[in-house]
Amino acid sequence: MGHLYEKYVWEIPVRATHWVNVLSIAVLTLTGIYIGSPATLGATPSDFVMGWVRFVHFTAAYLFAVSVASRIYWAFRGNRYASWREFFPILTPAGRRNMLATFRYYTFLCKKGPQPVGHNALAGTTYALVFVLYLVMIVTGFTLYAEHAPQGTMHKLTGWLLVLFSNQTLRLTHHCVMWLLIGFAIHHVYSAWLMDVKERGGVMSSMFSGYKAVRTKD
Amino acid sequence: MARKQGSDTEAADGLEFQDSVSTLLERRGVTRREFMKFCTAMSAALALPPAFAPRIARALDEVKRPTLVWLEFQSCTGDTEALLRASNPTVAEIVLDILSIDYAETIMAAAGHLAEANLDKVVKEEKGSYIAVVEGSIPMKEDGIYCCIAGRTALDRAREVCGGAFATLAVGTCASYGGIPAAAPNPTGAVGVKVAVPSATVVNLPGCPLNADNLTATVVHFLLFKKLPATDGLGRPLFAYGKRIHDNCERRPHFDAGQYVEAWGDQAHRHGHCLYKMGCKGPETFHNCPTQRYNDKTSWPVAAGHGCAGCSQPMFWDSMTPLYKRLPNVPGFGIEATADKIGLGLAVGTAAAFGVHGVLSAFRRGDDSEGAKED
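Structure (structure tokens):
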């Protein structure tokens, strides 16, 4: 067996966008649930509860959009573990083999799964889908947001979606995708915990430090 | 200002045109003062400066009466009713008087072949210069046999009449976007005029019913500027549909404050708080209801304590129901299954599944390694 060493895997933009996403998704979810189904928290008409909640939602939305855009940019500029190729293992035969092997490991069909340095093949594929959901959220969200300023630039850019789908369909989509992302977050934290326990590569702390415990080939 | 008081010096050109509008109105007992009030109201509806009122008066005085034909297809006649039963009759009268209405099923005296011959005459002799008004949706399924007038389908008639018109005004949501006849499962394949006759110049004036003021204002705009009003991406005039109900709503401060009606007749409802939680579709709907109001500016749904139904948006009824809920139902799930119930179920299901997986994994031996493998 080769020896263990600390390998720098997750670059700063990867970790920064990850934690900005965590923060903004948490804020967006909480404020979004309030916007969708508010409680009467205002005592007088001079209060501004919904006003502030919406302000926070929209600010977090801009933050999230910038973070997602940065991460997509970094997928073309970062190291191999940040690369877009990590998210599409399905494109190569080796990647597809890894996906199957990981699936068999997760479903208790075999004892040892691949223990890659970067994302495992199923995780990478999941993140590609999650980024599609992010884009759906950003597009539907800003399309609905743009309705506050009719004929404005944003409204003109997104108006075709309103004509094609109607704002209520977009709103329902925005709502349902939130729940899919909540489901993803539960799965994501669990899988990270599982990998941390089983792989013993310190994957949980690697999202803070950037370093994973990796065994050299021999 | 010293304008001529119902003078009859107007040029009497054109067969239908004998008297100026003001003369006509005077004969009907409508005073000059009432006429000027109407012109001022129209300049307000069109969001023009008050200085435009005399120009509107002059334009209406000098206009050669344009011919108008009113086609009725799959409709409830609600838009005709909205126009004819305007509480202040002068508004409707002015519309009727400045327009030569040569065909309108509900109000015309002629019937049968005589009436159809009138319509044929307009289409033939005034090609490209008459205004067509369409009320009701047009069925497309089975070659349009679900709506026939005088043995011809609505689609056939619309292609001919709207295709040859200077412009078509689609009044009401049905004529604009299909409306209630187009609601799922849309058995007749109902669509709006622009979809049925893509080549026609269409201005959509949706609403259920349309606000007659917006129709009058569109006609006045046409008479004043000799062109149709600017429209949005959905073919609606910006002066009437350029702003969102939510953003002009008299209950908006309660929305921003966080004060919501939770049940009909509760304390918040009695205090006039926001109807957002009662399914009000004001945030989804572009219309000038809060400012223009209905029935001669008497009231509108939100002022009366009921949420907006979103009746003037495309895909009304499907996308705006359930009327008393914020979001549409999720397709494929039961009537009462909301997105949130399904979503919560999904989240709990995910957590439970991974919980079980975690327990099984915790007791599993020999599936671990020491660090990731170098690649």
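Sequences listed follow chains A and B, in order. Under our numbering, think of the first position of the first sequence as 368, with each following residue one higher. Under our numbering, think of the first position of the second sequence as -12, with each following residue one higher. Every residue, glycine too, gets a C-beta built ideally from N, C-alpha and C.
Same chain, Cβ closer than 7 Å to residue i, five either side skipped, listed in chain order
i                      : result
residue 425 of chain A : 512
residue 434 of chain A : 384, 387, 388 and 391
residue 281 of chain B : 198 and 287
residue 462 of chain A : 456 and 488
residue 402 of chain A : 420, 421 and 424
residue 507 of chain A : 537, 540 and 541
residue 446 of chain A : 378
Separation of residue j from residue i, as counted between CA atoms
i                      : j                      : result
residue 20 of chain B  : residue 10 of chain B  : 13 Å
residue 31 of chain B  : residue 531 of chain A : 32 Å
residue 67 of chain B  : residue 122 of chain B : 8 Å
residue 418 of chain A : residue 246 of chain B : 11 Å
residue 208 of chain B : residue 215 of chain B : 7 Å
residue 192 of chain B : residue 201 of chain B : 7 Å
residue 475 of chain A : residue 267 of chain B : 50 Å
residue 108 of chain B : residue 62 of chain B  : 25 Å
residue 100 of chain B : residue 136 of chain B : 11 Å
residue 105 of chain B : residue 499 of chain A : 58 Å
residue 29 of chain B  : residue 501 of chain A : 46 Å
residue 539 of chain A : residue 328 of chain B : 13 Å
residue 265 of chain B : residue 416 of chain A : 19 Å
residue 111 of chain B : residue 242 of chain B : 54 Å
residue 238 of chain B : residue 274 of chain B : 16 Å
residue 522 of chain A : residue 156 of chain B : 25 Å
residue 134 of chain B : residue 411 of chain A : 54 Å
residue 18 of chain B  : residue 527 of chain A : 47 Å
residue 164 of chain B : residue 97 of chain B  : 30 Å
residue -10 of chain B : residue 43 of chain B  : For residue -10 of chain B, the predicted structure reports a pLDDT of 36, less than 50, and the residue's modelled location is therefore unreliable. A value from the coordinates is still provided. Straight-line Cα distance between these residues: approximately 13 Å.
residue 370 of chain A : residue 330 of chain B : 46 Å
residue 143 of chain B : residue 458 of chain A : 53 Å
residue 497 of chain A : residue 551 of chain A : 8 Å
residue 577 of chain A : residue 559 of chain A : 15 Å
residue 16 of chain B  : residue 254 of chain B : 48 Å
residue 347 of chain B : residue 473 of chain A : 11 Å
residue 24 of chain B  : residue 52 of chain B  : 21 Å
residue 102 of chain B : residue 168 of chain B : 26 Å
Under 9 Å between C-beta atoms of residue i and residue j
i                      : j                      : result
residue 303 of chain B : residue 166 of chain B : yes
residue 514 of chain A : residue 231 of chain B : yes
residue 561 of chain A : residue 294 of chain B : no
residue 456 of chain A : residue 399 of chain A : no
residue 128 of chain B : residue 179 of chain B : no
residue 362 of chain B : residue 484 of chain A : yes
residue 39 of chain B  : residue 33 of chain B  : yes
residue 350 of chain B : residue 557 of chain A : no
residue 54 of chain B  : residue 89 of chain B  : yes
residue 22 of chain B  : residue 141 of chain B : no
residue 41 of chain B  : residue 26 of chain B  : yes
residue 250 of chain B : residue 409 of chain A : no
residue 170 of chain B : residue 305 of chain B : yes
residue 509 of chain A : residue 525 of chain A : yes
residue 272 of chain B : residue 233 of chain B : yes
residue 516 of chain A : residue 372 of chain A : no
residue 206 of chain B : residue 58 of chain B  : no
Neighbour flag for residue i against chain C, beta carbons, 9 Å
i                      : result
residue 395 of chain A : No chain C appears in this structure, whose protein chains are A and B.
Supposed close pair residue i, residue j - CB separation, criterion 8 Å
i                      : j                      : result
residue 441 of chain A : residue 380 of chain A : 4 Å
residue 334 of chain B : residue 553 of chain A : 6 Å
residue 222 of chain B : residue 186 of chain B : That belief does not hold up - the Cβ atoms of residue 222 of chain B and residue 186 of chain B are roughly 14 Å apart, past 8 Å.
residue 56 of chain B  : residue 119 of chain B : 5 Å
residue 154 of chain B : residue 188 of chain B : 5 Å
residue 319 of chain A : residue 269 of chain B : This structure cannot settle anything about residue 319 of chain A, because the visible part of chain A is limited to 368 through 585.
residue 436 of chain A : residue 378 of chain A : Going by Cβ atoms, the distance from residue 436 of chain A to residue 378 of chain A rounds to 17 Å, so no, they are not a contact pair.
residue 217 of chain B : residue 210 of chain B : Actually they do not touch by this definition, with Cβ atoms about 16 Å apart.
Nonlocal neighbours in the same chain, by C-beta distance under 8 Å from residue i, ignoring five residues either side
i                      : result
residue 487 of chain A : 465, 469, 480, 481 and 562
residue 2 of chain B   : Its pLDDT being 35, under 50, residue 2 of chain B is placed unreliably in this model, and the coordinates cannot settle the point.
residue 495 of chain A : 454 and 455
residue 292 of chain B : 256, 259 and 262
residue 396 of chain A : 545, 548 and 549
residue 146 of chain B : 183 and 184
Cβ neighbours of residue i in the same chain (closer than 6 Å, five flanking residues each side left out)
i                      : result
residue 477 of chain A : 471
Requested in this report: Take every Cβ of the stretch 149 to 167 of chain B, pair it with every Cβ of the stretch 289 to 303 of chain B, and state whether three or more of those distances are shorter than 8 Å.
Outcome: yes
**Report entry** Inter-stretch contact at 8 Å, needing at least 3 Cβ pairs: the stretch 349 to 358 of chain B / the stretch 563 to 575 of chain A
**Finding:** yes
Query raised in the report: If you pair each beta-carbon of the stretch 317 to 329 of chain B with each one of the stretch 520 to 536 of chain A, do three or more pairs fall below 8 Å?
Result: no
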